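Just so you know, we're using the numbering used here here: the sequence shown kicks off at 14 and counts up by one.
Don't be surprised by glycine CBs; every beta carbon is placed ideally from N, CA and C.
Model, not experiment: these values are computed from the prediction.
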Amino acid sequence: IICADTMVLFKNKIVGKPQNLEEAREWLMQRIMKNDNDVFSLCGTAFILKIYEKNEKNELILKNIHEEYVETKVWYGFYDESDVNDYMEHYKERLLAIAGGFTVAGYGKQFIHSIKGSYTNIIGLPVFEVRRAMKKLGIF
């Protein structure tokens, strides 16, 4: 069993999914850059791997567990309000399903300045780290 959840921090505050498009716009407007190091977000994913096996009574018994937290720093932003407008027009209501209202996938990648850490972490699941944990637990 793999369980994972991701959180986004911006300006030292946990940012969830925007409640509406006005809130999304407000958050995105805060990401207009004044310089290349101006806009920074932290993405963290905690995941747990649980390995079960059946005993002689055909009951599932927990055999092993692995817990890990993966952190990725992302520097991104918009040059001006027209970038925010273009971004919002492209994603529309889909922004409401994205933590922080910003995604690096697809159209959003043009606003990425740099990434320190796992790219797959910021798009949903830190695949390298999960695979490494699975190898450690003898799954691969």
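Beta-carbon spacing of residue i, residue j below 7 angstroms
i	j	result
phenylalanine 91	phenylalanine 53	no
glutamate 84	glycine 57	yes
methionine 46	valine 97	no
One or two residues paired with residue i in a DSSP bridge
i	result
isoleucine 15	Leu62
lysine 67	Leu73
lysine 23	Reading off the sequence shown, one finds phenylalanine at residue 23, where the question assumed lysine. DSSP lists Lys26 and Ser54 as partners of phenylalanine 23.
tryptophan 88	Phe53 and Ser127
Cβ-Cβ separation, residue j to residue i (assumed contact under 8 angstroms), whole Å
i	j	result
alanine 118	leucine 62	The pair is not a contact, with the Cβ atoms about 25 angstroms apart (cut-off 8 angstroms).
valine 143	isoleucine 14	Actually they are not in contact, since the Cβ atoms of valine 143 and isoleucine 14 sit about 12 angstroms apart, beyond 8 angstroms.
Spatial neighbours of residue i in its chain, beta-carbon cut-off 8 angstroms, leaving aside the 5 residues before and after
i	result
isoleucine 74	Tyr65, Glu66, Lys67 and Asn68
Simplified DSSP state of residue i, which is helix, strand or coil
i	result
phenylalanine 12	No answer is possible for residue 12: it lies beyond the span of the chain, which begins at 14 and ends at 153.
phenylalanine 153	coil
asparagine 77	strand
7 angstroms Cβ shell around residue i - same chain, five flanking residues per side excluded
i	result
glutamate 102	none
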